[in-house]
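Okay, structure first, notes after.
Residue numbers (our numbering): 4 to 524.
Given below as structure tokens:
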């Protein structure tokens, strides 16, 4: 009797042990993933080889794309620096988060996704370009540039002081991010790190490792470089952002940066030879001078991009070496797109494709299939709810974006969004881009320049460069009407108020005198 009882007990114990063993083998790791947002400023998708760049190679960004999902149609709600950053933080459009233009301080008391991740048990850090004037909130740690920040020897602001660190800013920000990952964070908590670069923002100063890149390369101008805007409304012709007319001496490196050390300045003068280049440029005219400016601009812009790509590689290598890569979601994005000579322009702001689209790549090991390209209409307003969803945190009902987790796991969602709303507010201001709003579908785009009561409409399939508006054409009347209905629906859905701010006459553009003048940005 005792023997049978012992045998039964041993059998029960054996079953329990086996059950526990099988359970532990089949239960996935439930630790919340770390979130690393790598964010750049004004990075055109056309300057990323994973997006098909014909100008440069970006092997480290390409590596993320090869190991994750590349979004081909990631759109921004307002293509300018501070408003875009506010949208990322809040998951709301500019009219609700209060950051409609550059300049005013961001209201840091409002709800942001880093605060919500803190409440969900994450440690949070912000390192790099903040560009929202107010002190960062929702972060356990921050080290940020002051304002735009320089490309060399940047002052770094913390909660207690501001210290100048000597060196190239892109490298310095990476050093700070790696230092925090290694020694600055609690190792027993998941983390959010927003690692944000100044580059490749104007005026595109290259670092010492890339200052001589592309020296002998001649870049082909876009087909629309000499666009006279006859196929548009009157708004584009009023803008002040042409490469052939409005780049200044700082942009073209005729004037060196003011804050370089003697050693940095000597290296700068060796590569740029500003005096000889100024003499050379003064002897050029017409198309030759335009080509000189374009190449000068493109080389510097791409040099700044190459330093970003190098430093992304440093971070990815660190994640691999420490084992963090397996449970870290890595996101690459920019605050908006940028013009590389399309329509003759540099800068951003417009609802046209080069500035409306931002690069957006997500690597989520074990959840997102490697090497997938997605064409759904997604947006930077979706970032905040996506990060919360990844972390398993609740998404507030007042966020206007939508989580992308289902797309990241399934590869696509054709019903995700059928139309996208955009609005730009900053006029009169630098570059004289008129206020406008509009709707974009997978094929069509309707834009209303409400300060001058003019419209544009494009068929992106037939006219991908957006050079010939089809607005007002009788054969497109039904399409035009349907897009206007959808535009009104989106404005109502997003609770967009009328922009009643007055527009002064004769203000914008009066301080711009040409490529040797000063153009604030």
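Glycine is no exception: its CB is placed at the ideal position from the N, C-alpha and C atoms.
Per the C-alpha coordinates, the member of 448, 164, 240 positioned closest to residue 347 is 240. In the assembly as shown, residue 164 is an exposed residue. Its beta-carbon has fewer than 16 other beta-carbons within 10 Å. Relative to residue 82, the option among 407, 359, 412 whose CA is nearest is 359. Segment contact: the stretch 447 to 463 against the stretch 243 to 260, fewer than three CB-CB distances shorter than 8 Å; contact not assigned. Taking a contact to require three or more Cβ pairs closer than 8 Å, the stretch 63 to 81 and the stretch 364 to 372 qualify as touching. A Cβ-Cβ contact shorter than 8 Å links residue 295 with residue 284. The alpha carbon of residue 43 has as its nearest neighbour, out of 198, 112, 149, 60, the alpha carbon of 198.
Apart from the 5 residues on each side of it in sequence, residue 137 sits with its Cβ closer than 8 Å to the Cβ of 108, 109, 110, 111 in its chain, given in chain order. Here DSSP, grouped into helix, strand and coil, assigns residue 377 to strand. In this structure, 227 is the residue among 395, 227, 264 with its C-alpha nearest to the C-alpha of residue 470. Taking a cut-off of 8 Å on C-beta distances, the stretch 185 to 203 does not touch the stretch 407 to 424, as fewer than three cross pairs fall below it. Per the DSSP secondary-structure output, residue 144 pairs in a beta bridge with 128. Within the stretch 355 to 416, the runs of beta strand (DSSP E) that reach at least 3 residues and sit entirely inside it are, in chain order, 363 to 366, 375 to 377. Judged by their CB atoms, residue 497 and residue 41 are not nearer to each other than the 8 Å cut-off.
As the crow flies, the alpha-carbon of residue 49 is around 32 Å from that of residue 182. Here residue 424 is bridged, per DSSP, to 442. Excluding sequence positions up to five before and after residue 58, its CB lies within less than 8 Å of the CB of 49, 50, 222, 301, 305, 343, all in the same chain and listed in chain order. Contact between residue 260 and residue 208 holds: CB atoms are separated by about 6 Å, below the 8 Å threshold. Here residue 460 is bridged, per DSSP, to 449. Per DSSP, the beta-bridge partners of residue 334 are 40, 365. In the displayed model, residue 72 falls within a strand according to three-state DSSP. Taking residue 145 as the centre and dropping the five residues before and after it, the same chain places the C-beta of 129, 139 closer than 6 Å to its C-beta, in chain order.
Residue pairing by DSSP places residue 196 opposite 39, 128 in a beta bridge.
Looking at the DSSP output, residue 245 shares a beta bridge with 348. Look at the beta carbons and you see the stretch 385 to 395 touching the stretch 403 to 412: at least three pairs across the two are nearer than 8 Å.
For the pair of segments examined, the stretch 395 to 402 was found not to touch the stretch 471 to 479: the number of CB pairs separated by less than 8 Å stays below three. According to the DSSP assignment, residue 160 belongs to the beta strand (DSSP E) that extends over 158 to 160. When DSSP states are grouped into helix, strand and coil, residue 181 belongs to the helix group.
Excluding five sequence positions before and after residue 167, the CB atoms of its chain that fall closer than 8 Å to its own CB belong to 156, 157, 158, 159, given in chain order. Beta-bridge partners assigned by DSSP to residue 166: 159.
DSSP lists no beta-bridge partner residue for residue 328. Residue burial is scored here from C-beta neighbours: residue 384 has at least 16 other C-beta atoms within 10 angstroms and is therefore classed as buried. The stretch 245 to 255 and the stretch 483 to 497 do not touch, with fewer than three beta-carbon pairs separated by less than 8 Å. When the Cα atoms are used, residue 268 and residue 37 turn out to be separated by approximately 40 Å. Around the beta-carbon of residue 180, 16 or more other beta-carbon atoms lie within 10 Å, marking it buried.
According to the DSSP secondary-structure assignment, residue 96 is paired through a beta bridge with no residue.
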